[in-house]
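Here the structure is laid out as structure tokens; the discussion comes afterwards.
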Amino acid sequence: MKLTEETFEIVSETERLVIRPLRKDDYKNWLNEFENRFPSQHRHDKGKIDMSQCTQEWFHNLVDKHQDLSLKDIANVFGVFRKEDGTHLGMVDFSTLARDDFQWGRIGYSIHNQYWRKGYGKEAVKEALNIAFNHLNFHRIEAHINIDNSASYNLASSVGMKYEFTRRGFIFEFGGWTDNLIYYKNSIG
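Going by full-length UniProt numbering, the sequence shown opens with residue 1, and the numbers climb by one from there.
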């Protein structure tokens with residue numbers, strides 16, 4: 001992992017992946033992979049998305065917004081890219097929930113469905129947790145997962161996150177207040 005002082009950019013690599021913030025020159029690659037998504041595979045997979053509003057200018061504004069959120073310690077958004085050819089595979093993000101005596105954040109992750117079942121999600125999330133603990137200085141990371149999203153909680157478990165409890169009526173989705181499973185990992189233990 002390296003932090004470049006010119007851009008304050010975190011870049012981390014695994015055997016097959018590069019995890020880093022989106023850059024303005026990622027636009028065509030990013031758009032292409034969204035446009036090549038398969039239809040939805042289950043209710044938690046958006047599948048094909050209408051990308052007509054996602055112009056190059058819109059994307060450049062998104063990159064600027066991500067950078068601003070990072071500088072303000074509100075959120076850190078990372079693209080996941082295949083090392084061999086630079087293909088955009090998905091995203092991993094961290095939201096800051098509390099600092100001070102807590103150092104507490106939330107992780108979100110998504111791999112384009114045309115790249116599922118190849119281990120990219122596990123590899124990306126495992127490395128992203130290293131970024132969270134070793135660079136972003138979080139002590140506790142939580143994943144908030146819909147109770148019927150087995151792919152997500154299996155992924156969280158596979159990278160060492162532990163089920164803690166179920167938050168009842170936690171998030172307004174699908175027309176109502178839904179429960180979420182809380183998985184967590186601490187920087188120690």
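Quick reminder that beta carbons are idealized off the backbone N, C-alpha and C, glycines included.
For the alpha helix (DSSP H) containing residue i, list its first residue and its last residue.
{"i": "ILE141", "result": "Taken as a continuous stretch (DSSP letters only), ILE141 belongs to no alpha helix (DSSP H), being part of the beta strand (DSSP E) at 140–146."}
{"i": "VAL159", "result": "Careful: VAL159 lies outside any alpha helix (DSSP H) and carries neither H nor E."}
Measure the CB-CB distance between residue i and residue j and report whether it falls below 9 Å.
{"i": "VAL18", "j": "PHE59", "result": "no"}
{"i": "GLU127", "j": "ILE182", "result": "no"}
{"i": "PRO21", "j": "GLN56", "result": "no"}
{"i": "LYS122", "j": "MET161", "result": "no"}
{"i": "residue 191", "j": "SER95", "result": "This structure does not reach residue 191, given that the chain is present from 1 up to 189, and the question cannot be answered."}
{"i": "TYR115", "j": "LEU155", "result": "no"}
Please report the residue range of the beta strand (DSSP E) in which residue i lies.
{"i": "LYS24", "result": "From DSSP, LYS24 is part of no beta strand (DSSP E); its letter is neither H nor E."}
{"i": "TYR115", "result": "Careful: TYR115 lies outside any beta strand (DSSP E) and carries neither H nor E."}
{"i": "ASN61", "result": "No beta strand (DSSP E) holds ASN61; the alpha helix (DSSP H) holding it covers 56–71."}
{"i": "ARG16", "result": "First-last for ARG16: undefined, no H or E at that position."}
Can you look up residue i in the DSSP assignment and give me helix, strand or coil?
{"i": "GLY175", "result": "coil"}
{"i": "ILE10", "result": "strand"}
{"i": "SER95", "result": "strand"}
{"i": "GLU35", "result": "helix"}
{"i": "ILE74", "result": "coil"}
{"i": "PHE165", "result": "strand"}
{"i": "PHE102", "result": "coil"}
{"i": "ASN149", "result": "coil"}
{"i": "ILE131", "result": "helix"}
{"i": "LYS48", "result": "coil"}
{"i": "LYS185", "result": "strand"}
Counting only beta-carbon atoms, is residue i nearer than 9 Å to chain D?
{"i": "GLY79", "result": "Looking at the structure shown, chain D is missing, and only one protein chain is on hand."}
* With a cut-off of 8 Å, do at least 3 Cβ pairs link the stretch 122–138 to the stretch 92–112? -> yes
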